[in-house]
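> Can you keep this structure in mind? I'll have questions shortly.
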Amino acid sequence: MQVLEKQQIMTGSQKLIEEKKTIIEARDVNVFYGHFQALKGINLTIKENSVTAFIGPSGCGKSTFLRCFNRMNDYIDEFCLDGEILIDNNKIYWNKIVVEELRKEVGMVFQKPNPFPKTIFENVAYGLKIHGIKDKTYIEEQVVKSLKDVALWDEVKDDLKKSALALSGGQQQRLCIARTLAVEPKIILMDEPTSALDPISTAKIEELLFDLKQKYTIVIVTHNMQQAARISDKTAFFYMGDLIEYDDTKTIFTNPKQEKTQNYITGRFG
Amino acid sequence: MTHLDSELKQIKQQVIEMMTLVRNQLAKGKNAVLTFDKDLVHEINANEKRVNAMELSIDRAIENTLALYTPVAVDLRFVMASFKISADLERIGDNAVGIAKYINHVNEQLTAADLDKIKFVEMYENALLMLENVFEAFEKEDTKLAREVFVKDKVLNKINLNAASITIQFIQQTPDKINNYLYLLSIIRKLERVGDLAKNIAEELIFYIEAKVLKHHKKK
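These protein sequences, in sequence, are chains A and B. If you read the first sequence in the working numbering, its first letter stands for residue 4, the second for the next number, and so on. If you read the second sequence in the working numbering, its first letter stands for residue 399, the second for the next number, and so on.
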């Protein structure tokens with residue numbers, strides 16, 4: 004029978020993503036917290052300049068997996084990773100890797116905006132300074148550029164010396180993204196970046212992600228299914244440490260292959 | 399049951415009710431033609447308003463469901479299919495009215511021999527059977543049953559294809575009944591259209607259940 008399967012109809016943007024260079028590659032990744040196995044044999048590749056969403060119920064391992072990409076889990080005592088994660092073809096769990104350098108390449112934005120109790124300017128400049136950059140002109144340029152990139156410049160240009168804590172929640176989160184961008188990473192990891200924000204601030208961040216993917220690769224963990232559908236090119240569904248399905252977002256939300264995925268995205272899980 | 403499940407169940411129930419009404423409308427159209435019963439025509443006309451109201455009600459329910467529950471995957475396909483199916487049903491309802499109205503425009507009943515020659519009853523029975531197939535398929539989510547209409551539609555197409563030459567013969571033999579014969583040909587054309595609409599419903603069902611797009615493909 005000659006029929007068009009929905010997944011066979013590939014749009015132009017989907018084709019473009021498939022043709023892009025692989026920037027993140029996970030090979031048979033297992034993660035343990037002591038005796039508890041949080042991730043089970045995950046294999047996945049992420050193309051550059053794309054937005055990838057990780058979805059799944061709480062405790063499924065999506066945030067653990069995200070935090071593997073910049074070795075944020077290293078701070079957890081019983082954390083143990085087996086397998087390989089490559090960023091730009093470099094094995095990031097190789098013992099000679101400089102973790103600080105890795106985190107310059109792979110920035111992170113958290114669920115709750117976490118500006119430092121410093122001025123707006125100092126917040127954005129902070130990353131550059133701790134990486135040893137002293138050129139004031141360069142720092143100023145980067146601060147302005149980063150604030151413009153997150154569409155915050157017009158709102159704060161006259162208040163750069165004011166405390167970042169005086170900003171609204173949405174502005175603080177965009178400031179934190181600007182702080183991440185200032186050190187020019189290749190990848191930005193976002194762990195539920197809008198879950199603490201109102202719909203307007205959420206819309207601004209989502210719009211921002213659309214613009215940012217021209218320059219950066221974005222991986223986002225979200226519990227908001229519609230957000231994943233709106234903003235991402237690819238979606239990975241995790242359940243109890245397994246990667247159940249990883250496909251184009253359009254396919255995941257119109258015709259997922261796995262019953263578990265369908266049950267989860269349609270709200271019939273369990 | 400989730401809120402969305404409850405909404406989807408209600409939409410399905412509304413579509414099934416519309417299917418039943420439209421099927422009855424078409425069946426009554428056949429009886430109206432065969433018995434020349436003008437009261438039946440009035441009844442079909444009156445019921446047409448109910449068909450239209452049902453379409454609007456389903457449209458509203460679907461609009462609300464999309465706006466409030468943003469369904470995805472199989473739920474989204476169900477909503478999309480239901481939206482198109484209700485539009486197809488409304489057009490089948492229009493055709494039933496069109497067929498029944500025929501007897502308001504002619505002076506005398508067509509003979510059984512003429513109806514037999516053009517295969518009116520056979521075509522009508524097939525069209526009704528196609529509707530029953532797709533309606534049952536929708537209720538039971540049975541794509542095998544839905545696919546049966548593709549074969550039945552070929553019977554309708556063949557009868558429709560031969561109808562023009564048979565009508566010409568009728569007119570040549572009895573020119574003073576030209577009006578009747580042209581209306582009869584028009585009924586045949588409407589039934590052929592009903593077959594196409596039933597086929598559309600089958601395609602929408604297969605899209606909803608199997609996520610396969612059969613539209614605009616010759617091989618089903």
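For glycine and all other residues, C-beta sits at the position ideal for the given N, C-alpha and C.
(1) Return the chain-ordered list of same chain residues with a C-beta closer than 7 Å to the C-beta of N73/A, the five sequence neighbours on each side being excluded.
(2) Between the Cα of N46/A and those of I268/A, F256/A, T220/A and D250/A, spot the shortest distance and give me the residue it belongs to.
(3) Answer with yes or no whether the minimum CB distance from L474/B to chain A is below 8 Å.
(4) Which whole-angstrom value describes the C-beta separation of T55/A and D245/A, a residue pair presumed to lie in contact below a C-beta threshold of 8 Å?
(5) Determine, using beta carbons only, whether L424/B comes closer than 8 Å to chain A.
(6) Answer with buried or exposed for I88/A, where buried requires no fewer than 16 other C-beta atoms within 10 angstroms of its C-beta.
(7) Given this structure, state the Cα-to-Cα distance separating V6/A from Y96/A, to the nearest angstrom.
(8) Taking DSSP's pairing of strands, which residues face T25/A in a bridge?
(9) Please classify F241/A: does DSSP put it in a helix, a strand, or coil?
(10) Should the region 446-461 of chain B be called in touch with the region 552-569 of chain B, which here means at least 3 C-beta pairs below 8 Å?
(11) In angstroms, rounded to a whole number, what distance separates the CA positions of K137/A and R70/A?
(12) How should Y78/A be labelled, buried or exposed, when 16 other C-beta atoms within 10 angstroms of its C-beta is the threshold for buried?
(13) Between H615/B, L603/B, V611/B and E608/B, which has its C-alpha nearest K410/B's C-alpha?
(14) Compare the C-beta of L402/B with all C-beta atoms of chain A and state if any pair is closer than 8 Å.
(15) Quick one: using the 10 Å Cβ neighbour count with 16 as the cut-off for buried, is I203/A buried or exposed?
(16) Measure from the alpha carbon of G491/B to the alpha carbon of each residue in A444/B, E520/B and E534/B, then state which is nearest.
(17) Locate the beta strand (DSSP E) running through L84/A, then write down its first and last residues.
(18) Please list the terminal residues of the continuous beta strand (DSSP E) segment that includes L192/A.
(19) Could you name the residues of the region 457-471 of chain B whose beta carbon sits closer than 8 Å to any beta carbon of chain A, in the order they occur along the chain?
(20) Considering only DSSP beta bridges, list what A56/A is partnered with.
(21) Would G270/A pass as an interface residue toward chain B - the criterion being a Cβ-Cβ separation below 8 Å?
(22) Go ahead and label F213/A buried or exposed: buried means 16 or more other beta carbons lie within 10 angstroms of its beta carbon, across all protein chains shown.
(23) With a cut-off of 8 Å, does the C-beta of P259/A fall near any C-beta of chain B?
(24) Roughly how many angstroms lie between the CA atoms of Q114/A and C179/A, to the nearest whole one?
(25) So the alpha helix (DSSP H) V449/B belongs to, where does it begin and stop?
(26) Work out the CA separation of D551/B and E590/B for me, nearest whole Å.
(27) Shorter than 8 Å from the beta carbon of A232/A to some beta carbon of chain B?
(28) Below 7 Å on C-beta distance, what does Q265/A contact in chain B?
(29) Which whole-angstrom value describes the C-beta separation of R182/A and N126/A, a residue pair presumed to lie in contact below a C-beta threshold of 8 Å?
(30) Taking Q40/A as the query, report the chain B residues whose CB atoms sit under 7 Å from its CB, ordered along the chain.
(31) Kindly list the residues whose CB is nearer than 7 Å to the CB of E51/A, restricted to its own chain and excluding five residues on each side of it in sequence; keep chain order.
(32) Please go through the same chain and pick out, in chain order, the residues whose beta-carbon is closer than 7 Å to the beta-carbon of T67/A, but skip the five residues on each side of it.
(33) Are there 16 or more other CB atoms within 10 angstroms of the CB of L508/B, so buried, or fewer, so exposed?
(34) Nearest to D85/A by CA position, among I208/A, Q229/A, Q174/A and A29/A, is which residue?
(35) If contact means a Cβ-Cβ distance below 8 Å, which residues of the region 205-237 of chain A contact chain B?
According to the structure data:
(1) L105, R106, V109, M111 and L192
(2) D250/A
(3) yes
(4) Not a contact, Cβ separation roughly 17 Å.
(5) no
(6) Burial call: buried.
(7) Residue placement at V6/A is flagged as unreliable, the pLDDT there being 43, under the threshold of 50; a coordinate-derived value is accordingly withheld.
(8) Residue pairing from DSSP places T25/A in a beta bridge opposite K50/A.
(9) strand
(10) By the criterion of at least three beta-carbon pairs nearer than 8 Å, the region 446-461 of chain B is not in contact with the region 552-569 of chain B.
(11) 29 Å
(12) exposed
(13) L603/B
(14) yes
(15) Exposed, since its Cβ has fewer than 16 Cβ neighbours within 10 Å.
(16) Checking every option, the nearest Cα to that of G491/B belongs to A444/B.
(17) F82 to I90
(18) I190 to D194
(19) T468, P469, V470 and A471
(20) Partner(s): I223/A and T238/A.
(21) yes
(22) exposed
(23) yes
(24) 11 Å
(25) K436 to Y467
(26) Spanning the two alpha carbons is a distance of roughly 8 Å.
(27) yes
(28) Within 7 Å Cβ-Cβ: A471 and V472.
(29) R182/A to N126/A, Cβ: 6 Å. Contact.
(30) In chain order: nothing, as chain B lies at least about 29 Å away.
(31) K23, K24, I26 and T220
(32) V34, A41, L42 and N76
(33) buried
(34) A29/A
(35) M228, Q229 and A232
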